[in-house]
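Colleague:
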């Protein structure tokens, strides 16, 4: 009986790191969402360390750093852009399923709209514009 318990404990200890790993959201993403001004499309490079996300957003107006996190399949990414002489926080919240994130983009106090992001490559790939 003691050997059996030891064997089960060893199996659980070996499996725990695999079970605790976060899903990977790392890569290059094509993000599209609706804003009060219309459709927005941009590229996002996400790097992942555990549940912490970093990287950058790139569009025709420039490049901005991102910060975020992933918990289970729920992804949150935030970046700040200049808008009419002020800084505007954009928060992307969505659910990761395979290579697609669906959710919403919240633009400060201006409003929010539906969002879809599709993984287009690995973080090491050249950014597609």
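Residue numbers (my numbering): 100 to 228.
We put the beta carbon where it would ideally sit given N, CA and C, even for glycine.
For residue 199, count neighbouring C-beta atoms within 10 Å of its own C-beta (all shown protein chains included) and say buried if the count is 16 or more, exposed if not.
Modeller: By the 10 Å Cβ count, residue 199 comes out exposed.
Colleague: Pick helix, strand or coil for residue 166, following the three-state DSSP scheme.
Modeller: Of the three classes helix, strand and coil, the one that applies to residue 166 here is strand, per DSSP.
Colleague: Is residue 134 helix, strand or coil by DSSP?
Modeller: Strand.
Colleague: So is residue 209 buried or exposed if we call it buried at 16+ other beta carbons inside 10 Å?
Modeller: Classification for residue 209: exposed.
Colleague: Which residues in the same chain as residue 44 place their Cβ atom closer than 6 Å to its Cβ, once the five residues preceding and following it in sequence are excluded?
Modeller: Nothing about residue 44 can be reported from this structure: the residues present for the chain run from 100 to 228 only.
Colleague: Just grab the DSSP bridge partners of residue 219 for me.
Modeller: BP columns for residue 219 are empty, so no partner.
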